[in-house]
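Q: Chains as they are written, first to last, in our numbering: chain A, 1 to 661; chain B, 1001 to 1661.
Right, I'll just put the structure down here and ask away after.
Pasting the structure below:
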């Protein structure tokens, strides 16, 4: 163990294991998680080459091998609980993704949810025995967010009782689905349904794309990998071009909508049913944000405790870089954010579980709020995390740029969350739509419930988007409850500002739609402030659940830092709205510096509490033992360009060059 | 040509070619640049595979081939002007780097600057004929920014008249130098010189590392590639471990300091002499920022003009995504930034050239200011560009994540500029040191000259870091001169705030050094505000040189957007300091929306004016003709995972899996 990092651990003021238990949801959960993780890291079958040393094709190969292995091992161990499977897979995948991820995440659940009983009997056994490996083909080259714009067609031919599927244009080629390129032999294809001369919008069809025994593409199918990406090298995101591909009528998923043999279309009873899955996945992404940021902070903070550089006092030894105020200012607010997002992720999961119970009983009342919240928080947390990972990486100096740090991998694997499952700006605007609607309801005197109820209060208080000299500033910048209030008022004011912008545009005789588009900047800002309020609030509320004094104390410091750092970064909003005075904003800056010093002795312990196993972190900089340099050297020496002392390019180009000059 | 992008070009209000000429520095420069570029793209020897389709080793191989080729071709064409060479190489390299870059950028210049006449006669012909290929080995695994911390030793042995070089620890292993791993047979090694029992600090030594004919590492040398990185896959950044490596006394670079045969050390006459190179490289990086951001904006804006998505008005066709206010708000401020940085880059180059003339005549008076300015602007522009590239990438939706967009490549190749040639936070603090020193001089009544002279005025005006209700707000948010003033005052106030923070820390009996560290957040903020002021000022001044009315008009709009967007993003500073009133900050938001609409018709023309050749951009999304989807499909189909229809992993893992279940 590196002596610096050992000393850091000795200086911590709280019990790390107890905090880990809180993060896991109880000591027994920690125990079980570690049991499952040890099944992976003690398993020689999971020893593998660093994927960064492999070619794309080798990486894909290794990932498919691992997918197959995991299927067998999970059955062998009898692990069937979704959370435990998730934990096992996360450990096995480290910073990378599963080649067959979409088979489990989308193909199987869609079969479960949208097959009629007869279809279930046919397809589920095939998919569960991996005779059929599937993916979910929704997005097209020219169409992402806007589903109605999809161009793929499925036209019913009653003569043969088949659907004929086509990609009528280049932009209609299915593009991006994971596992589509090489792995899957079936795809659930979203296509515009036409029957009896009428269009009925998007429906889902099971389309065989490769021969089940030879794996060769079937006639009419052009399928392949979409080529190298920023990350996701393990995954064969694919394209699919359909040219008069015929599938039997029974391959349309018919639990809800149907096409009768004669071509008669039968409408689905409700359209809300697929709503829940989206909400679920977006809630999961909030947790993914927390986890990616926690990993990044673990690497950067541990490394900053063993890295010595430059000087603070001349003549003294080089200090740990964690002693620099600028380094603390980069990392500790992100550490606070990682904790905040962890608790928000827990909240979202609990809320989702509670509400899905209601949904199963036909009660959809809370779904719109959760939908709006999950959309905004997905965007808010992924954006923050996305830039936060890069701050962590760059805070490691040059070595953060090496793949051995794992930070490049964490970034490229995480960054698509800003785009997929609902592009972030679109998400923010969805939340804004809910906020503006709620604002108008509040203004019309309706009593709101749930998290937007503050819009009633705001209305009551007649908050103005200008500093009200008369309003006494009662904010206590050291009191979290008071800060939650001030974040709430900021959100209320910005929602009002956005709503008024729309109003003004309408008064200039703009259409409703143009007024919306011309207020979009304000709307995104309002959503952002709303989400920020929710995060500060949930972090603060979480503190109420924590009985251990030492842990309560350090988490309170983190929560305070989180709240005050947000105020500094958006001080214009708080000043502009008269929520804080100029001297208070200056005090906030001073207070932040004090909090940084206060957190300094607990920084390493706080990342230790995330308890990310070295094998999962896979970072020479973030090693638990702090022995960075020896392992960096070892890693470098084993990298492929060092397999020979002299690279062939010397003989091919450099030596001949001399004679040509 | 895609009809949408054609229409965009027809709608432009200015002559694109004339603006290109302004960016190039005159029509004849544009002409010559295009001539040189055409030498590359019309040359079949430069046709190559997309590096993204190759393994690391193949990429390195291709890059070495290209390096050798460029050497021969440049001699063949007789291109010898450094700027023309730069232009030729940039075109040949596209978004990637040169394998032998450090031979040209550091090894040769160091020989030129630090060899005594005898050494020059020996080494220059060898290096210029590529018998000797060299690199510059400064950083060590445990030591980057802080040169005095370097551990490599060179101990003089008078008995044999040799230096003995050693890497005494793991952390002392030379790490990161480009071309060190595989390409170079010599390195200029920076090491702590010991002779006659005394240490004399860092000196440079020419160390042979590989046999000149077999290219095998020499005895005592452990050399290799440091392994895969985020980017820079073409470059063999290397490590070098020295174990009692003996080199003749004559291999110490002895133009300035010397070691006599008996071991007597002779001090160099001045220490300022290597100062200039750093300033030069940092100034160049400002230009690199402009170019990386210009490329990214070109891709994102062209793609946004051909991409249709979602709906603004129901029932109407999907609009170009450039019509969304949120998309404009992401991209147009970055476009303005790209122009701003281009002009700042031009200014830095001119100033450097002017001042180096003075330096050659022994006049160092302007060097400290240029040094401070280049440090801060290097940090300011690279940070802004770094996040800006990612905003551009994510504004392209999913396709920005594909390597075919080129945006991942642009990002990973650019992002090290935030770290190398002076880590950005350290750079900001260097500038801050100059600002605080100047502030104290001003306060002591000294008349400052140059760009910091505003600190005199501020002192004169007794600006306080609190809103001065009495000070009449005379800022006109539509007048650039007025905005330059307000940025200047903000900088002055933040410099004062930082200086006062140091003062307060000193009063708490902190040492000078601790006071500095405890004020580092404020110091970075002050530098940032100073650089921001300089950029707004230089952009505004550039407008004065532009006579074409239409171009003047569109660039003025860009400059105004740049200035107002900065105010919105830092509105807290402007409000806190009482520089702007709350109603003015609200007006700024409204005005920004108007400017976005105003720029909309010129957006494509403004990126066209950067005149980045398709071959150099290498982006399917950023193609000049806008024919995005066809080429994305073509690119994907030619990617390596599609070289066979069935990947071997099917036979190896997926088929066998079925029988095991």
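Backbone N, C-alpha and C fix where the C-beta goes; we use that ideal spot for every residue, glycine too.
Under 8 Å, Cβ to Cβ, is there at least one residue of chain B near residue 674/A?
A: Any question about residue 674/A goes unanswered here, given that chain A covers just 1 to 661.
Q: Let me know the secondary structure DSSP gives residue 469/A once reduced to three states.
A: Position 469 of the first chain, counted from the first residue, corresponds to residue 469/A. Note that residue 469/A scores 44 on pLDDT, short of 50, meaning its location in the model is unreliable; the coordinates nonetheless yield the value given after this. Coil at residue 469/A, not helix or strand.
Q: Would you mind working out which of 506/A, 474/A, 322/A and 534/A sits nearest residue 488/A, comparing C-alpha positions?
A: On the first chain, residue 488/A is found 488 positions in, with the first residue counted as 1. Measuring from the Cα of residue 488/A, the nearest candidate turns out to be 534/A.
Q: Taking 6 Å as the limit between beta carbons, can you name the residues of its chain near residue 158/A, skipping five residues before and five after?
A: As a first step, residue 158/A must be located in the first chain, where it is residue number 158. Cβ neighbours of residue 158/A beyond the five flanking positions: 262 and 263.
Q: Helix, strand or coil, according to DSSP, for residue 1464/B in the structure here?
A: In the second chain, counting from the first residue as 1, residue 1464/B sits at position 464. The predicted model places residue 1464/B with a pLDDT of 49, which falls under 50 and marks its position as unreliable, so this point remains unresolved.
Q: Rounding to the nearest angstrom, what Cα-Cα distance links residue 1292/B and residue 1410/B in this structure?
A: Stepping through the second chain from its first residue, residue 1292/B is reached at position 292. Stepping through the second chain from its first residue, residue 1410/B is reached at position 410. Whole-angstrom Cα-Cα distance: 7 Å.
Q: Kindly indicate which three-state DSSP category residue 252/A falls into: helix, strand or coil?
A: On the first chain, residue 252/A is found 252 positions in, with the first residue counted as 1. Correct three-state label for residue 252/A: strand.
Q: For residue 1640/B, tell me which candidate among 224/A, 122/A, 44/A and 78/A has the shortest Cα-Cα distance.
A: In the second chain, the residue the question calls residue 1640/B occupies position 640. Residue 1640/B has its Cα closest to that of 224/A, out of 224/A, 122/A, 44/A and 78/A.
Q: Take the Cβ of residue 152/A as the centre, count every other Cβ of all protein chains shown within 10 Å, and call the residue buried at 16 or more, exposed below.
A: In the first chain, counting from the first residue as 1, residue 152/A sits at position 152. Counting Cβ neighbours within 10 Å, residue 152/A comes out buried, since at least 16 surround it.
Q: Work out the CA separation of residue 344/A and residue 538/A for me, nearest whole Å.
A: For the purposes of this step, residue 538/A is taken as the residue at position 538 of the first chain. For the purposes of this step, residue 344/A is taken as the residue at position 344 of the first chain. Those two C-alpha atoms are separated by around 6 Å.
Q: What does residue 60/A reach in chain B if we use C-beta pairs closer than 8 Å?
A: Taking the first residue of the first chain as position 1, residue 60/A is located at position 60. Result: 1641, 1647 and 1649.
Q: Answer with buried or exposed for residue 1077/B, where buried requires no fewer than 16 other C-beta atoms within 10 angstroms of its C-beta.
A: For the purposes of this step, residue 1077/B is taken as the residue at position 77 of the second chain. By the 10 Å Cβ count, residue 1077/B comes out exposed.
Q: Return yes when the Cβ of residue 352/A is within less than 8 Å of the Cβ of residue 367/A, no when it is not.
A: Numbered from 1 along the first chain, position 367 holds the residue referred to as residue 367/A. Numbered from 1 along the first chain, position 352 holds the residue referred to as residue 352/A. For residue 367/A and residue 352/A, no; Cβs fall outside 8 Å.
Q: When we look at the beta-carbon of residue 522/A and count the other beta-carbons within 10 Å, is it buried (16 or more) or exposed?
A: The count along the first chain starts at 1 and reaches residue 522/A at position 522. Per the 10 Å Cβ criterion, buried.
Q: Please decide whether residue 91/A counts as near chain B, where near means a Cβ-Cβ distance under 8 Å.
A: Position 91 of the first chain, counting from 1, holds the residue named residue 91/A. Not one chain B Cβ lies under 8 Å of residue 91/A.
Q: Start and end of the alpha helix (DSSP H) containing residue 1594/B?
A: One-based indexing of the second chain puts residue 1594/B at position 594. Note, residue 1594/B: alpha helix (DSSP H), 1582-1599.
Q: For the candidate residues 85/A, 289/A, 175/A and 306/A, whose alpha-carbon lies nearest to that of residue 418/A?
A: Start at 1 with the first residue of the first chain, and residue 418/A comes out as number 418. Answer by Cα proximity: 289/A.
Q: Between residue 33/A and residue 45/A, is the Cβ-Cβ spacing less than 8 Å?
A: Here residue 33/A refers to the residue found at position 33 of the first chain. Here residue 45/A refers to the residue found at position 45 of the first chain. No; because the gap between Cβ atoms is not below 8 Å, this pair is not in contact.
Q: If we count the other Cβ atoms within 10 Å of its Cβ and call it buried at 16 or more, is residue 1191/B buried or exposed?
A: Here the question's residue 1191/B lines up with position 191 in the second chain. Buried.
Q: Tell me, please, whether the CB atom of residue 408/A is closer than 8 Å to any CB atom in chain B?
A: On the first chain, residue 408/A is found 408 positions in, with the first residue counted as 1. Chain B contact via Cβ: present.
Q: Provide the residue(s) that pair with residue 1154/B in DSSP beta bridges, ordered along the chain.
A: On the second chain, residue 1154/B is found 154 positions in, with the first residue counted as 1. 1165/B and 1193/B.
Q: Which chain A residues sit within Cβ distance under 7 Å of residue 1131/B?
A: As a first step, residue 1131/B is located in the second chain; it is residue number 131 there, counting from the start. By Cβ distance, chain A contributes 658.
Q: Which chain B residues sit within Cβ distance under 7 Å of residue 176/A?
A: The sequence position of residue 176/A within the first chain is 176, counting from 1. Within 7 Å Cβ-Cβ: 1398.
Q: Mind listing the chain A neighbours of residue 1071/B? Cutoff is C-beta to C-beta under 7 Å, in chain order.
A: Sequence index remark: in the second chain, residue 1071/B carries index 71 (1-based). Neighbours of residue 1071/B on chain A, chain order: 657.
Q: Kindly identify the DSSP beta-bridge partner or partners of residue 242/A.
A: Residue 242/A sits at position 242 when you count from the first residue of the first chain. Residue 242/A pairs with 221/A.
Q: Rounded C-beta distance between residue 388/A and residue 337/A? I'm assuming under 8 Å.
A: Against the first chain, residue 388/A aligns to sequence position 388. Against the first chain, residue 337/A aligns to sequence position 337. That pair is a contact at about 6 Å.
Q: With the cut-off set at 8 Å, would you say residue 1653/B and residue 235/A are in Cβ contact?
A: The residue given as residue 1653/B occupies position 653 in the second chain. The residue given as residue 235/A occupies position 235 in the first chain. The answer is no: Cβ separation not under 8 Å.
Q: Can you give me the C-alpha to C-alpha distance between residue 127/A and residue 108/A, rounded to a whole angstrom?
A: On the first chain, residue 127/A is found 127 positions in, with the first residue counted as 1. On the first chain, residue 108/A is found 108 positions in, with the first residue counted as 1. Using only the alpha carbons, I get a separation of about 7 Å.
Q: In the structure shown, what three-state DSSP assignment does residue 1103/B receive?
A: The sequence position of residue 1103/B within the second chain is 103, counting from 1. Here residue 1103/B sits in helix by DSSP.
Q: Do the region 1241-1248 of chain B and the region 1209-1229 of chain B touch if we need at least three Cβ pairs shorter than 8 Å?
A: Segments in contact, yes.
Q: Can you name the residues of chain B whose CB is closer than 8 Å to the CB of residue 511/A?
A: Residue mapping note: residue 511/A aligns to position 511 of the first chain, counting from 1. Per Cβ cutoff of 8 Å: 1313.
Q: Is the region 125-145 of chain A touching the region 172-184 of chain A in the sense that three or more CB pairs, one from each, lie closer than 8 Å?
A: Touching, yes.
Q: With a threshold of 16 other CB atoms inside 10 Å of the CB of residue 1611/B, please say whether the residue is buried or exposed.
A: Along the second chain, read from residue 1 onward, the residue named residue 1611/B stands at position 611. That one is buried.
Q: Using only the alpha-carbon positions, how far apart do residue 1468/B and residue 575/A sit?
A: For this step, residue 1468/B is matched to residue 468 along the second chain. For this step, residue 575/A is matched to residue 575 along the first chain. Bear in mind that the predicted position of residue 1468/B carries a pLDDT of just 44, short of 50, making it unreliable; the figure below should be weighed with that in mind. Straight-line Cα distance between these residues: approximately 15 Å.
Q: Just checking: is the beta-carbon of residue 1173/B within a distance shorter than 8 Å of some beta-carbon in chain A?
A: For the purposes of this step, residue 1173/B is taken as the residue at position 173 of the second chain. Yes, residue 1173/B counts as interfacial toward chain A.
Q: To the nearest whole angstrom, what separates the beta carbons of residue 619/A and residue 406/A, a pair I think is in contact under 8 Å?
A: Here residue 619/A refers to the residue found at position 619 when the first chain is read from its first residue. Here residue 406/A refers to the residue found at position 406 when the first chain is read from its first residue. Rounded, the Cβ-Cβ distance is 4 Å, consistent with contact.
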